[in-house]
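The numbering of the sequence shown is numbering that gives the first Met the number 0, which starts it at 0 and goes up by one.
What follows is a single structure, written as structure tokens, with notes after it.
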Amino acid sequence: MHDRQIQLRAEYQSRINRVLDYIEANLGCELALSKLAEVAMFSPYHFHRIFRAMVGETPSQFVQRVRLEKAAALLLNNLAKPITRVAIDCGFSSSATFARAFRDKFGLTASEWRECHGKIDRKNCKTDSKQGQTLRNWQQEYDVVALYSSNALNHLRWRLTMTSDLKRDLNFDVEVKALPDMTVAYVRHVGPYQGDTELFGQLFGKLCTWAGPRGLLGRPGSKLMSVYHDSPEITDDAKLRLSVCMTVPEDTQVEGEIGKMVIHAATYAVGHFEINSDQYEAAWNALMGAWLPESGYQPADGLCFEDYLNDPKEHPEGKHIVDIHIPVKPL
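Okay, structure coming up:
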């Protein structure tokens with residue numbers, strides 16, 4: 000009976016994950032309860048109750064929150080984009096509806112939020128002068144050198160070297176390149192994850208246990224990745240979504256806790272790092288704070304992810320070799 004209960008629970012989680020993936024892929028469209036229930040293969044009445052029980056929010060609450068958090072990120076990452084356009088792209092029916100909802104959630108108007116760019120505690124909406132200092136500090140920490148250019152306008156590779164002789168352990172290269180669609184199988188986690196190596200080990204263990212008997216481990220060109228669906232600076236830790244992933248053939252069949260999604264083709268800034276296990280946050284900050292402001296690029300809509308290139312246990316110094324991917328577009 001216990002195994003049967005686990006199987007049933009996994010099926011429910013699989014259906015809810017499909018809904019979450021559908022919402023994320025169609026955030027700018029109408030997301031009627033009846034359509035979401037259809038994706039989950041539940042009746043609308045039962046879907047509403049099941050979703051709330053498993054996600055902790057009603058479908059409408061979840062959609063509204065994710066739309067607002069995406070809008071908050073777009074306002075900061077695309078400073079030239081009109082606020083009305085941001086509202087429409089995030090699925091709001093009118094600028095007035097968006098304005099009320101945004102202020103209710105963040106305690107600031109969209110204009111105030113944008114004007115306070117880099118100077119607020121984004122989760123608590125409090126002014127914080129240290130936030131503005133953080134970006135400047137990262138820029139001062141690095142020398143940024145373009146290695147070559149494909150034409151007169153765009154440098155496509157950079158090398159970033161820390162300026163202090165005492166801090167040479169976080170040098171890295173960046174390349175901007177186009178990547179194709181990638182189909183991935185995933186195990187999803189909702190909640191805090193930063194710095195929790197045990198959690199990542201458990202999630203990847205579950206994914207690899209599923210993949211091994213299906214001949215999906217060690218395929219040529221296969222990747223192990225972590226996909227981040229939310230901004231830790233905006234979304235509450237308890238609601239952060241993480242998917243640990245493995246690239247798989249398009250026709251791979253999944254079930255239960257193992258989901259499948261497509262990371263769509265896009266242009267990415269790829270930061271190549273060789274770091275210790277406790278340096279992931281610093282690596283992300285260096286890429287965003289030191290390279291991005293001098294690159295001529297800005298963040299684009301899409302998923303950020305880490306691509307793991309080695310087994311740290313096999314590295315002589317226990318280093319993690321990782322490529323951090325951020326979708327970008329010209330500034």
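Glycine included, each C-beta is placed from N, C-alpha and C at the ideal position.
What number of angstroms, rounded off, separates the C-alpha of residue i from the C-alpha of residue j?
| i | j | result |
| --- | --- | --- |
| E313 | S225 | 20 Å |
| R84 | D235 | 25 Å |
| Q6 | G255 | 7 Å |
| R66 | A237 | 17 Å |
| K125 | L107 | Note that K125 scores a pLDDT of 47, beneath 50, so its modelled location is shaky; the value from the coordinates is reported in the next line. K125 and L107: Cα-Cα distance of roughly 10 Å. |
| A36 | S42 | 6 Å |
| P58 | N16 | 13 Å |
| A98 | N25 | 21 Å |
| L272 | N309 | Before going on, a small fix: residue 272 reads as Phe here, not Leu. Straight-line Cα distance between these residues: approximately 11 Å. |
| V331 | K80 | With the chain covering only 0 through 330, there is no way to say anything about residue 331. |
| L134 | K34 | Its pLDDT being 47, under 50, L134 is placed unreliably in this model, and the coordinates cannot settle the point. |
| A109 | K222 | 38 Å |
| R218 | P248 | 10 Å |
| P329 | R48 | 44 Å |
| D250 | Q278 | 36 Å |
| I320 | T96 | 45 Å |
| W157 | D2 | 52 Å |
| D229 | R64 | 11 Å |
| F46 | A39 | 7 Å |
| S276 | A52 | 35 Å |
| A268 | S92 | 33 Å |
| I274 | T182 | 27 Å |
| Y21 | M260 | 10 Å |
| Q132 | P231 | For Q132, the predicted model reports a pLDDT of 42, less than 50, meaning its position is unreliable and no value from the coordinates is stated. |
| Q193 | L19 | 21 Å |
| F50 | G27 | 21 Å |
| G317 | E10 | 38 Å |
| G200 | L75 | 33 Å |
| A151 | E293 | Note that A151 has pLDDT 44, beneath the 50 cutoff, so the model's placement of it is unreliable and the number below is only indicative. Spanning the two alpha carbons is a distance of roughly 16 Å. |
| I82 | E56 | 27 Å |
| C115 | L241 | 28 Å |
| H188 | Y44 | 26 Å |
| Q12 | G258 | 9 Å |
| E23 | D142 | 37 Å |
May I ask you to report which of helix, strand or coil DSSP gives residue i?
| i | result |
| --- | --- |
| G131 | Low confidence applies to G131: its pLDDT is 43, below 50, so where it sits in the model is not reliable enough to give any reading. |
| L414 | Missing from the structure shown is residue 414; the chain here goes from 0 to 330 and no further. |
| G255 | coil |
| A264 | coil |
| F272 | strand |
| I87 | helix |
| Q4 | helix |
| V250 | Note that residue 250 is Asp in the sequence shown here, rather than Val. In the structure shown, D250 sits in coil (DSSP, three-state: anything other than H, G, I, E or B). |
| K104 | helix |
| I82 | helix |
| T96 | helix |
| D235 | coil |
| S230 | coil |
| K125 | With a pLDDT of 47 at K125, under the threshold of 50, the modelled position of this residue cannot be trusted; read the value that follows with caution. Correct three-state label for K125: strand. |
Taking C-alpha atoms, which residue in the options lies nearest to residue i?
| i | options | result |
| --- | --- | --- |
| A31 | V62, E56, T196, N16 | V62 |
| L73 | A39, D310, Y185, R113 | R113 |
| K205 | Y185, I15, N16 | Y185 |
| F203 | G211, V243, K176 | V243 |
| F101 | Q297, D88, A70, G194 | A70 |
| P179 | T246, I22, L155 | T246 |
| A265 | E23, V38, G301, S92 | G301 |
| P298 | A9, S13, L78 | L78 |
| L155 | E316, E10, G295, Y11 | G295 |
| L291 | V144, G55, P212 | V144 |
| A177 | E280, L75, C115, I325 | I325 |
| K104 | G194, L146, E68 | E68 |
| Y227 | V173, I323, E111 | I323 |
| D168 | I82, V175, A282, R8 | A282 |
| A285 | C115, S13, N170 | N170 |
| M161 | E174, D172, L146, E140 | E140 |
| L215 | G190, T196, Q252 | Q252 |
| P311 | T196, E293, V175 | T196 |
| V173 | G55, G270, L198 | G270 |
| F304 | E29, E280, I233 | E280 |
| G220 | S13, D306, E111, A86 | D306 |
Give me whichever residues DSSP pairs with residue i in a beta bridge.
| i | result |
| --- | --- |
| C244 | Y185, M224 |
| K328 | Q297 |
Measuring only between beta-carbons, confirm whether residue i sits less than 8 Å from chain C.
| i | result |
| --- | --- |
| S59 | Protein chain content of the structure displayed is limited to a single chain, and chain C is not contained in it. |
Start-end ranges of the alpha helix (DSSP H) lying completely within the stretch 6-78, minimum 4 residues: 32-39, 43-54, 58-76
3-residue-minimum beta strand (DSSP E) runs that sit fully inside the stretch 140-228, ordered along the chain: 141-148, 154-161, 171-178, 181-189, 223-227
Ranges of the beta strand (DSSP E) found wholly within the stretch 274-323, counting only runs of at least 3: 296-298, 303-307
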